[in-house]
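In what follows, a structure is listed as structure tokens, so that the remarks can point back to it.
2 protein chains.
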Amino acid sequence: MINSREPSPVHPVNFAAPRSFGTALKSDLKETLFPDDPFHEFRNEPPSKRTKKAIQYFVPIFEWLPKYNLRFFKYDLLAGITIASLAIPQGISYAKLANLPPIIGLYSSFVPPLVYAVFGSSKHLAVGTVAACSLLISSIIGETVSPIDDPDLYLRLVFTATFFTGILQAAMGFLRLGIVVDFLSHSTITGFMGGTATIICLQQLKGVFGMKHFTTKTDVVSVLRAIISHRHEWRWESAVVGIIFLVFLQFTRYLKQKKPKLFWVSAIAPMVVVIIGCLFAYFAHAEKHGIQIVGDLKKGINPPSLKLLNFDPKYISAPIRAGLITAFVALAEGIAIGRSFAILTNEQVDGNKEMIAFGFMNLVGSFTSCYLTTGPFSKTAVNFNAGCKTAMANVVMAICMLFTLLFLAPLFSYTPLVALSAIIMSAMFGLIEYDKAYRLFKTDKYDFLICMVAFIGVAFISMDIGLMMSVGLAILRALLYVARPATCKLGSIPNSSLYRDIEQYPEANGIPGILVLQLGSPIYFPNCNYIRERILRWVRDEQASREADQGSDIEHILLELGGVTCIDITGVETLIEILKALEAKGIKVAIVNPRLEVMEKLIVTKFVDVIGKQNVFLSIDNAVDACRFNLKRLKQFQDA
Amino acid sequence: MINSREPSPVHPVNFAAPRSFGTALKSDLKETLFPDDPFHEFRNEPPSKRTKKAIQYFVPIFEWLPKYNLRFFKYDLLAGITIASLAIPQGISYAKLANLPPIIGLYSSFVPPLVYAVFGSSKHLAVGTVAACSLLISSIIGETVSPIDDPDLYLRLVFTATFFTGILQAAMGFLRLGIVVDFLSHSTITGFMGGTATIICLQQLKGVFGMKHFTTKTDVVSVLRAIISHRHEWRWESAVVGIIFLVFLQFTRYLKQKKPKLFWVSAIAPMVVVIIGCLFAYFAHAEKHGIQIVGDLKKGINPPSLKLLNFDPKYISAPIRAGLITAFVALAEGIAIGRSFAILTNEQVDGNKEMIAFGFMNLVGSFTSCYLTTGPFSKTAVNFNAGCKTAMANVVMAICMLFTLLFLAPLFSYTPLVALSAIIMSAMFGLIEYDKAYRLFKTDKYDFLICMVAFIGVAFISMDIGLMMSVGLAILRALLYVARPATCKLGSIPNSSLYRDIEQYPEANGIPGILVLQLGSPIYFPNCNYIRERILRWVRDEQASREADQGSDIEHILLELGGVTCIDITGVETLIEILKALEAKGIKVAIVNPRLEVMEKLIVTKFVDVIGKQNVFLSIDNAVDACRFNLKRLKQFQDA
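Order-wise, the sequence lines are chains A and B.
Under the working numbering, read the first sequence as residues 37 to 676, first letter to last.
Under the working numbering, read the second sequence as residues 37 to 676, first letter to last.
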């Protein structure tokens, strides 16, 4: 069973002096903060061109506007009008969801898209308010100040939260901390969105049933209890209208799925619902029949709100908390969406630059009576399908909103609340992704658990706690991974110089007298005890099985380090301990193929001197040959 | 420059059906919770023997006591008496440090060692109280209840904290959560111990100067301020005596370093200081000269304290917090020390079993008027040097303590406080490990930072915050590691089938038309964006450099996955995105050597079907050969 090939040529291992601390730090920082090498385009240009390119890099409008032409504009105009028709009903609806005056929702679709058009790097992203963050804001700020008892203070705190969101997003972008958002995994977002959609749908039952009293809590149990305990307020007229609207909206969605070309039908459907609702309310005097209307929408563009920001220490913790959490959620949604559409068209979106754009957008928004905006999925998809070419579509939308604010706003005051509820519910149905959850269940049970914790936490406890539990679980998994890197025993693949996991390739043979172990990465303080115990267990098991087979004893252990990208001091100390423990059992240790950073650390810590340079090999083949030679010599010596 | 060897024989890749969820979960749980396979000794035994072995496993005294003999006892007797002579002065000193009646310190060296002797698996560990935890308890409980104004309640809360420590330690042991303690890295412990030793030393200036009023805070600034602001209380007599004692103690330590055989001199030195101090205080009526004495030590063994445990919700948070934090610190110290002495004698200590022993020890302790005990370094080292053979040394120490408690305790009431301060300070000097910190600085700057954060946090903020900051930083590093796994470009080593990092082995050659990238592990949601951007950057850089050299364009990319131990859904989705992005650039992707768990996930998620089985290779060599064949065919086709 022995692999009887010729010994492979021996190639020397590189023991060059480690890089200096400065070089290593620079390289680490670059990988951590600038993995996409954002400045590569203008690093090697002459100074004048470099400045121009740098400005274009930080303010992308300077890049695309000079090249802009009428052909692009035709597409952008159409797309902009389409998303504006979506922005009006959504703006009013989500503002109601956030317990804000509906006009704030319209304001929020005017200024922020203009800011994004200047600083944003995605071509397809359409700016707007989102349901999840709207509810998140209302649930966090609502704990401190009631939107009904003190709407003025509540509004000020929402602007303050938006201000903090903007500051945090811009700061994270400048500090290149996009890495933080990466810790919101797809599974967390799927569960969070599903849970949020569920509770938002349930909350909309208030509007559908035309109820006047309700709970401010967001969890399923409180909401259901509120709906049932106030059942004397239910109005059948409202429910009938709501169900008709909902069926219509769902039908247009179904149509879009069947015939993707008809996407515009579902895109303008909410606007149609609002217009029909307004007409119905106006002519049928719906309010007298228990169908409430929005009421009171003033003409005029965004008033300044800089002076409304409230930093009173008494209330400050709520807007800070709301600002932080919504900043992450909004970034995760906005960046993920920008990226996924960029992949469709094979472009790249710089997450950190997007953060700066989002940050500016919300910062300026908080000064101009807007609340939190990001890149919502539905709007962006409509924008993309409508064929938008550049961020000009956002400008067109903003101009449409300007027109609306200046002339049309009062017309929308007749919008029935039940129409808004139907619009929100219909949007939410699309966010509960059963099939994705099922796929997670099929492919990765732990990811499914992370998703379900977010879903159940959001639905039954609260949105922020559900989100944090899920993120905590995901981080726990990442830590567990670091704490338990997989090791495996390698065997020789017949007729080759390859060594592979014998569990995976049962045809791989063990080598007499030698045990080859591949170590997982990293070798780090949280896993050092594990690695030591695991290696000793491999040796124990191997000795027991070879004893049972009456095979030869283990004389050499080869530790394959090719997959280990990192090792710390504790890791090196552990390797030395393993060395000593095995030497005490009469087993020699050699290491194979340490990578650059590992080798540096092994040299700096003098591990290489402890184990001896002759026991460091470039390939398993070389190491096995050397060990065989030793074993043969030993046998000759014993025979002699 | 092309490596013109014969094509290597192609070995098929294993596409076997993935293991069932149950099998994979069982294997994961085993690696996570039972990495050392603790039951291997009695798994294959007959039932009767298995029961016996299991009892011996859980209660180690049944294993060593039957084999015990007089020869062992000679050594253990000597070691036991030596550590008892250390236990008396240390017990009194550390109890004072915890603001407890000194007799509690003596009680704590009587019952817990007996419990440990039954359940503990380390032969060398000597049980006792420790300075860091004593101060930690006093600083946390002292925030809630003043030990001077309400000593009775304070004492009850300390017992309650000990109770929680015991519960937590035992529970962690039963649940096999030793993994949690692994997250306290050596660097954190070095910094924490150094910082603690610093503030303890400063606090002892109170005793050395014979001051009566002092601060309850532990940070350097408060302590220094307290010393200076109460300078009218300074007594020179006390200071002179203190310095004499300190010089004596330091001299014996110096002696031990020079002549390790004389370790017993430094071991009994504290006892000598206490006895001389007592005699001096008794005959010189020291109290009249400003030298305070301990006072009031009653005869008699530990009274029961079960009824003293206080679970009043008003105070409960302090003992719970103190219990939790000290549980971790005590475990980290105790287990690390047990392990390091076990390595010296080539034995193994089961961390989880030790936790159970520590837990029982503190649980029983909290019922018998003891406070927190663990395995202190100094005492264990003395025990080891004195030649102890089994846990019997702890029993001998307990019997000595019993004798002391029954007959001698009142004699120690004359111990001058200044003598205790000198003993504590001398012990603390040894815990500030400058050389270790310097070594960290030389070898790993980030580990040094973790260490310094613990040191400065403990010294200038508070012990628990310093500890948590340092642990947080260490975890952040682990997360950063997961978020930024190193990738590298591989080149072909001349005259071999090896492919290695071209940065590490500059002699390795690139392959025309093919780019080989080795991915780091794991491929996980926090690093998916990074991996995608990094790979696209490799391609961009490579295309630019090949263009500059007028070399051939990249037609194939090989992703070497041999070092990747784990991939999640987001990771697979990212690989698919990379596939699409590169295909759009006209580049074909192949993957090489996915390991067992990665392959399973790739099969379950149908990634293998997307990329095609013909694009999965067992070795880079095979993959390169296949790509070359493709390239050649392409060229022939173009030429034709």
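All C-beta atoms, glycine included, are put in the ideal place defined by N, C-alpha and C.
Scanning its chain for C-beta atoms nearer than 8 Å, with the 5 sequence neighbours on each side dropped, one finds around B:Y482 the residues R513, in chain order.
Comparing C-alpha distances from B:V660 to each of B:T409, B:Q579, B:I547, B:L342 shows the shortest one belongs to B:I547. Taking a 10 Å sphere around the C-beta of B:D500, we find 16 or more other C-beta atoms and assign the residue as buried.
Taking C-beta atoms under 8 Å as the contact rule, B:E269 and B:M247 qualify, at a distance of about 4 Å. A:L594 sits away from A:A544, with the two beta carbons spaced by 8 Å or more. Taking a C-beta cut-off of 9 Å against chain A, the contacting residues of the region 550-562 of chain B are Q554, G556, S557, P558, Y560, F561, P562, listed in chain order.
In the three-state scheme derived from DSSP, where H, G and I count as helix and E and B as strand, B:E323 is classed as helix.
At a beta-carbon threshold of 7 Å, the residues of chain A lying near B:R570 are P71, ordered along the chain. Rounded to the nearest angstrom, the gap between the Cα atoms of A:F284 and B:C564 is 40 Å. The shortest C-alpha to C-alpha distance from A:S341 to any of A:T180, A:A617, A:T601, A:V194 is the one to A:V194. Taking C-beta atoms as the reference points, B:A490 and B:T252 fail to come closer than 8 Å. For the region 506-529 of chain A, the beta-carbon criterion of a distance under 8 Å to any beta-carbon of chain B is satisfied by A510, I511, A514, L515, L516, Y517, V518, A519, R520, P521, A522, C524, I529. Contacts between B:Q126 and chain A, judged by CB atoms closer than 7 Å, are missing: the closest CB pair is about 28 Å apart. About 6 Å separates the CB atoms of B:N338 and B:F146; that is less than 8 Å, so the two are in contact.
Bridge pairing for B:C524: B:Q554 [DSSP].
Here the alpha carbon of B:M488 sits roughly 37 Å from the alpha carbon of B:V151. Against chain A, the beta carbon of B:E273 has no neighbour under 8 Å; the closest one sits roughly 47 Å away.
Between the alpha carbons of B:P452 and B:V244 lies a distance of about 10 Å. Taking the Cβ atoms as the reference, B:Q554 lies roughly 20 Å from B:L516, outside the contact range of under 8 Å. For A:L638, the closest C-alpha among the options A:L667, A:L345, A:V454, A:C602 is that of A:C602. Listed in chain order, the non-local C-beta contacts of B:G359 below 6 Å within the same chain comprise A197, F200, T201, local neighbours out to five positions each way being set aside. Residue range 106-133 is occupied by the alpha helix (DSSP H) that includes B:D112, with no beta strand (DSSP E) assigned at that position. In chain order, Y517, A522 make up the part of chain A whose C-beta sits under 8 Å from the C-beta of B:C602.
A distance below 8 Å separates the beta carbons of A:K159 and A:T426. With respect to A:L106, A:A422 sits apart: the two C-beta atoms are not nearer than 8 Å. Contact between the region 206-217 of chain A and the region 160-167 of chain A is not established, with fewer than three Cβ pairs separated by less than 8 Å. For the region 588-599 of chain B, the set of residues with a beta-carbon nearer than 9 Å to any beta-carbon of chain A comprises G598, G599, in chain order. Residue contact check for A:H160 against chain B: no CB pair falls below 8 Å. Per DSSP, the beta-bridge partners of B:A626 are B:L594.
Taking every protein chain shown into account, the CB of B:E636 has 16 or more other CB atoms within 10 angstroms, so this residue is buried.
The straight-line gap separating the alpha-carbon atoms of A:F561 and A:I647 is approximately 21 Å. Residue-level contact by beta carbon holds for B:E613 and chain A, with a gap shorter than 8 Å. Rounded to the nearest whole angstrom, the C-alpha separation of B:Y541 and A:N50 is 7 Å.
Exclusion of the five residues before and after A:V385 leaves S157, S158, I371, G374, R375, A378 as the residues of its chain whose Cβ lies within less than 8 Å of its Cβ. Taking CB atoms only, A:V640 has a neighbour in chain B less than 8 Å away. Residues of the region 216-249 of chain B with a Cβ closer than 8 Å to any Cβ of chain A, in chain order: D218, F219, S221, H222, S223.
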